[in-house]
Amino acid sequence: MEPDCIILGGGVIGYSTALELARAGIKISLIERNQAGQESSWAGGGILYPLLPWEYSEAVTRLTEYSTGLFPIWVDELRNNTGIDPEYRKCGMLV
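Read in order, the letters of the sequence shown correspond to residues 8 to 102 in the numbering used here.
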């Protein structure tokens, strides 16, 4: 199979991009040099919200809040499709 798109990196971003492209009917190849989910996905620390949210525009804040609301659903899908537990825990932010 010749892919329409090649994705480099099998972390959270690579996986989610591949998933959405495949759902759209695009043939993809995902290339990972090591074990999937073990590089920057692992080191990211699960930070979803900007460190200093009050320093961002209202548009960025709205997008962040919308995306943060979708994240638990996506985590469940990731776990169900891959068997990998992303270890998501909702715990808030103390400033």
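Quick reminder that beta carbons are idealized off the backbone N, C-alpha and C, glycines included. Computed from a predicted structure; not experimentally measured.
Taking the straight line between their C-alpha atoms, what separation do you get for residue i and residue j?
i: L55; j: E9; result: 35 Å
i: G32; j: Y22; result: 15 Å
i: I14; j: P79; result: 24 Å
i: G18; j: A29; result: 16 Å
i: G16; j: S36; result: 10 Å
i: S74; j: I91; result: 21 Å
i: N87; j: S64; result: 35 Å
i: Y95; j: V82; result: 7 Å
i: L26; j: L59; result: 31 Å
Using the DSSP secondary-structure output, state which residues sit across from residue i in a beta bridge.
i: S36; result: I13
Looking at the secondary structure, which residues open and close the alpha helix (DSSP H) in which residue i lies?
i: P79; result: E65 to T89
i: L26; result: V19 to R30
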